[in-house]
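Just below is one structure, and these are the notes that go with it.
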Amino acid sequence: MTGKSINSLKLLFLSTPVGQLGSGLGGGVELTLYNIALEMHRRGHHLDIVAPAGSRLDSFPIKEIAGELQITAQTQERDALICMPGNSLLANMWECARQIQGNYDLIVNFAYDWLPFYLTPFFNCPIAHFVSMGSLSDAMDQIVEQVAIQFPGTIGLYTKSQAETFALKSSELNSSWCEVLGSGVDLSLYDFCASPAPQLAWLGRIAPEKALEDAVAAAQIAGIPLKIFGKMQDDAYWKQICQEYPDAPVEYMGFFSTQKLQEQLGKCQAMLMTPRWVEAFGNVAIEALACGVPVIAYRRGGPAEIVQDGKTGFLVEPDSVEGLVNAIKRLDEIDRLECRRQAETEYSLEALGDRMEQWFQTIKQLANPSS
Ligand code: HBI
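Note that my numbering numbers the sequence shown so that position 361 is 379, with each residue one more than the last.
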């Protein structure tokens with residue numbers, strides 16, 4: 019679907035407050051926000067983005083907001099108090115949204131934080147909440163549930179398994195309490211590679227919840243070099259892995275732009291995904307498939323709904339390094355073209371755009387039945 023779509027929407031996106039867009043600190047949700055922005059723009063919708071000062075998103079104009087970054091939710095305990103720094107960037111972003119909300123049909127929240135959910139009833143403009151991780155804290159579970167009850171249909175997320183991590187208590191909610199939206203990438207940016215080099219890839223924020231150490235251990239046992247790509251989020255964690263596996267054949271490549279990343283990724287025989295937590299989706303899995311790279315992943319969370327076991331990769335017992343090694347030995351069973359084909363049929367930007375546009379239009383309708 020191209021060109022001006024009927025009844026175009028005026029959309030205001032509010033980004034994650036944990037890092038500037040383009041820094042990689044926002045992980046997969048940065049890519050998700052960018053891809054949805056691309057698709058909505060392509061379809062003729064009007065879009066503005068509110069994000070931390072210093073954010074860059076291709077050629078999209080950004081309303082840059084100053085203030086202290088929010089603490090990352092995945093480093094907090096389940097019973098963590100709701101906390102915000104003085105001069106909170108998150109609060110400043112939502113004050114900006116409050117002032118300009120009259121110019122928009124819909125606000126889309128990409129922050130995994132308590133405040134935007136709490137503020138929803140105080141806004142006149144309807145708010146769509148894209149939840150980018152599984153359940154992490156009682157306070158977030160409670161406020162997400164409250165908005166799901168009060169504003170049905172306004173909670174969207176990546177996968178069914180991510181939705182299931184929110185053990186909602188209210189009897190008022192049934193299994194359709196949220197929209198399962200999947201994800202997508204701009205396939206034109208990823209080139210299919212038929213003949214890889216003898217090396218493996220690992221992609222992601224370098225942080226404990228991603229369990230990079232398992233991939234390093236598997237690469238050492240399999241005797242195959244492992245190329246590591248992604249934001250160095252936790253230096254101490256990385257140093258600890260290097261001390262634990264001094265002889266492992268691994269190389270940290272850095273945090274690359276999509277163009278450079280896909281060039282390197284395509285050359286790999288497979289990508290290892292070793293999430294210790296319930297990965298909400300795992301955009302990196304569809305980036306690998308788009309390059310024709312099979313994915314070997316723990317059977318846990320989003321990747322378990324993406325990888326077609328034995329066809330576009332392998333799903334192994336969670337936290338089993340041996341399972342990873344056994345799967346690496348079977349890689350010649352995979353046809354790399356099948357990997358690219360799955361990305362094209364299930365994870366194109368067009369397919370994601372259709373789902374998102376439908377979700378936005380539905381929320382707008384629910385909020386303004388007469389329109
Ligand atoms: N933590 N507090 C907070 N807010 C976010 O928006 C957030 C986060 N941690 C990680 C994160 N967003 C993204 O990297 C993931 O949603 C992908």
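Every residue, glycine too, gets a C-beta built ideally from N, C-alpha and C.
Chain-order list of residues whose beta-carbon lies under 7 Å from that of residue i (same chain, five-residue window excluded)
i: LEU290; result: LEU218, TRP220, ALA233, ALA236, ILE314 and LEU342
i: ALA115; result: LEU30, LEU32, VAL68 and ILE125
i: LYS22; result: Here LYS22 scores only 49 on pLDDT, less than 50, and its place in the model is too uncertain to base an answer on.
i: GLU340; result: none
i: SER155; result: ALA91, GLN94, ARG96 and ALA98
i: LEU355; result: GLY310
i: PHE128; result: PHE31, LEU32, SER33, THR34, VAL47, LEU51, PHE148 and SER150
Proximity test, residue i beta-carbon vs ligand 1 heavy atom, cut-off 6 Å
i: SER150; result: yes
i: GLY45; result: yes
i: TYR136; result: no
i: ALA84; result: no
i: GLN168; result: no
i: THR34; result: yes
i: THR90; result: yes
i: TYR52; result: no
i: ALA129; result: yes
Per-residue DSSP class, three states only, for residue i
i: ASN105; result: coil
i: SER179; result: helix
i: ILE83; result: strand
i: ILE314; result: strand
i: PRO70; result: strand
i: MET250; result: coil
i: LYS22; result: No answer about LYS22 holds up, because its pLDDT of 49 lies below 50 and its placement is not dependable.
i: LEU191; result: coil
i: ASN127; result: strand
i: LYS347; result: helix
i: ASP327; result: strand
i: PHE378; result: helix
i: PHE332; result: strand
i: VAL198; result: strand
i: ALA288; result: strand
i: LEU218; result: strand
i: GLY42; result: coil
i: GLY174; result: strand
i: VAL339; result: helix
i: LEU65; result: strand
i: LEU244; result: strand
First through last residue of the alpha helix (DSSP H) which encompasses residue i
i: ASN53; result: 46-60
i: THR362; result: Correcting the residue identity first, residue 362 is Glu in this sequence and not Thr. 354-364 is the span of the alpha helix (DSSP H), which, as asked, contains GLU362.
i: VAL165; result: 156-168
i: TRP132; result: 132-137
i: ALA225; result: Element bounds for ALA225: n/a, residue is neither H nor E.
i: ALA233; result: 230-240
Cβ shell of residue i (< 8 Å), same chain only, five flanking positions each side left out
i: ALA185; result: SER153 and ASP159
i: PRO216; result: ILE242, PRO243 and GLN287
i: ALA361; result: VAL203, LEU205, TYR208, ILE304, LEU307 and ALA308
i: GLN119; result: LEU30, ILE125, PHE141, ASN142 and CYS143
Residue range of the unbroken beta strand (DSSP E) whose run includes residue i
i: ASN301; result: Taken as a continuous stretch (DSSP letters only), ASN301 belongs to no beta strand (DSSP E), being part of the alpha helix (DSSP H) at 301-308.
i: LYS28; result: 28-32
i: GLY272; result: 268-272
i: ALA146; result: 145-149
Own chain partners of residue i with C-beta closer than 6 Å, once the 5 adjacent residues on each side are dropped
i: MET295; result: The sequence given here has Trp at residue 295, not Met. So the list reads GLU227, once near-sequence residues are dropped.
i: PRO139; result: none
i: MET19; result: In this predicted model, MET19 has a pLDDT of only 45, less than 50, meaning its place in the structure is not dependable; the value taken from the coordinates is given anyway. Closer than 6 Å at the Cβ level, and outside the excluded window around MET19, lies no residue.
i: ARG223; result: GLY45, GLY248, LYS249 and GLN251
i: TYR270; result: ILE246
Neighbour flag for residue i against chain B, beta carbons, 7 Å
i: ALA237; result: Looking at the structure shown, chain B is missing, and only one protein chain is on hand.
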